[in-house]
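First up is the structure itself, then whatever we jot down about it.
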Amino acid sequence: MKYRIKHITEYLYGDRVSHCYNVAHMIPRNTLRQKCLNARVSVAPNTGYASKREDYFGNIAYHFEIQRPHNKLVIKASSDVDTGPQHSDLELDFGLSCREAKDLLKSSNHADVLFSREFMLNSPMVKSMPALEDYARPSFDEDRPLLSCVRDLTHRIYTDFSYCPESTTVATPLEEVLEKKRGVCQDFAHLQITCLRSLGFPAKYVSGYIETLPPPGKEKLVGTDASHAWISVYSPTEGWFEFDPTNDCLAGEQHIITAWGRDYFDVTPLRGVIYGGGENPVLNISVDVARINNGLD
441 MKYRIKHITE
451 YLYGDRVSHC
461 YNVAHMIPRN
471 TLRQKCLNAR
481 VSVAPNTGYA
491 SKREDYFGNI
501 AYHFEIQRPH
511 NKLVIKASSD
521 VDTGPQHSDL
531 ELDFGLSCRE
541 AKDLLKSSNH
551 ADVLFSREFM
561 LNSPMVKSMP
571 ALEDYARPSF
581 DEDRPLLSCV
591 RDLTHRIYTD
601 FSYCPESTTV
611 ATPLEEVLEK
621 KRGVCQDFAH
631 LQITCLRSLG
641 FPAKYVSGYI
651 ETLPPPGKEK
661 LVGTDASHAW
671 ISVYSPTEGW
681 FEFDPTNDCL
691 AGEQHIITAW
701 GRDYFDVTPL
711 RGVIYGGGEN
721 PVLNISVDVA
731 RINNGLD
């Protein structure tokens, strides 16, 4: 499936910003199931310095500085991406058991296994919690296929938690999400990652976009899509597998990957430092994910 993504971020400041330094993760990465055909980032006002580099996790990080006074910042990212399904022959009820996966994670010296162990550790926004280990454990049996257990946990999170956009912020702790049983995709991804790591399985945070389709008979509104988050879990000898707890599904062609890391902190779409600007700047975000037919609009 081919998509064109347009992501516009606009900051309106109450006071003048003298200069700023930023890094953006808005350029889709290449993966086994996805290829970024082209990408462009534009910034207004004009940057004094801008560069692209590959970060520690292999994501494309766009660094830029603005060294002139401004009251408004606009970042426009556009890209064309070709996506496919993950593991077309995937059968979750067969494969490595939880016991076998744990044994290999402890004993194997294979490079992929060694790399995956980093995603078993605590990270800035994901720390092991006995309460979430207890929540996850009913989904996991030592002799059951690991991926089947992850699918069950994905379904339980979808069933037990309500999607409420106004209920949390980036700073809301997982303890509160677990207690109130509501949140957004970022919360559910962090919650499932914490569950998996608490049980001893590697899991990473995936940031990107998802195509949303309008109700039957309705036209899709431009700019109403949004950034999205889901998870990827590692099974030794089998690879990484993406699950979406917000939508109770395996990630598919409609899931477009921008970046992955240990948690949201590693792949924030935009973060940086500003000098000035006053308090409570106005933030406007517009995202549009549109299918491309044969490479044409």
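FYI, the numbering for the sequence shown is 441 to 737, going by the numbering used here. For each residue, glycine too, the CB sits at the ideal point set by N, CA and C.
Who are the Cβ neighbours of residue i in its own chain at under 6 angstroms, not counting the five residues just before and after it?
i    : result
S556 : P642 and Y674
Could you give the distance in angstroms between the alpha-carbon of residue i and the alpha-carbon of residue j?
i    : j    : result
S638 : R493 : 32 angstroms
P656 : A551 : 48 angstroms
L736 : L554 : Low confidence applies here, because L736 scores a pLDDT of 48, under 50, leaving its location unreliable; read the following figure in that light. Distance between the alpha carbons of L736 and L554: 42 angstroms.
L587 : T594 : 10 angstroms
Q526 : G454 : 45 angstroms
L710 : S667 : 12 angstroms
R577 : V481 : 43 angstroms
A464 : D583 : 42 angstroms
E531 : H695 : 20 angstroms
G663 : I448 : Residue confidence is low: G663 scores 47 on pLDDT, short of 50, so the model does not pin down where it sits. No coordinate-derived value is stated.
E558 : F601 : 28 angstroms
L545 : R596 : 25 angstroms
Leaving out five residues on either side along the sequence, give the residues of the same chain with a beta carbon under 8 angstroms from the beta carbon of residue i.
i    : result
V610 : Q626 and Y704
T471 : I697
Along the chain, where does the beta strand (DSSP E) that runs through residue i open and close?
i    : result
D455 : K442 to I467
K512 : H510 to T523
R731 : V722 to R731
C476 : Q474 to A484
L631 : Careful: L631 lies outside any beta strand (DSSP E), inside the alpha helix (DSSP H) at C625 to S638.
D684 : G679 to D684
L572 : No beta strand (DSSP E) holds L572; the alpha helix (DSSP H) holding it covers P570 to A576.
V713 : L710 to G716
For residue i, which residues from the same chain have a beta carbon less than 7 angstroms from its beta carbon, with the 5 sequence-adjacent residues on both sides left out?
i    : result
Y489 : F504 and E505
F580 : C538, C589 and L639
List the endpoints of the continuous alpha helix (DSSP H) containing residue i.
i    : result
H595 : L586 to D600
E615 : L614 to K620
A812 : In the structure as shown, the chain starts at 441 and stops at 737, and residue 812 therefore has no counterpart that could be examined.
E693 : No alpha helix (DSSP H) contains E693, which DSSP labels as neither H nor E.
Can the beta-carbon of residue i be found closer than 7 angstroms to that of residue j?
i    : j    : result
G712 : N462 : yes
C460 : I714 : yes
S518 : K446 : yes
I500 : R456 : no
D520 : R591 : no
(message) Assess contact between the region 644–656 and the region 713–732, defined as three or more Cβ pairs (one per stretch) separated by less than 8 angstroms. Is contact present?
(response) yes
(request) Evaluate the contact criterion for the region 445–463 versus the region 712–724: three or more CB pairs, one atom per stretch, below 8 angstroms. (result) yes
(request) Determine contact between the region 688–705 and the region 555–573, defined as no fewer than three beta-carbon pairs at a distance below 8 angstroms. (result) yes
(request) Could you tell me whether the region 628–636 touches the region 683–692, using the rule of 3 or more Cβ pairs below 8 angstroms? (result) yes
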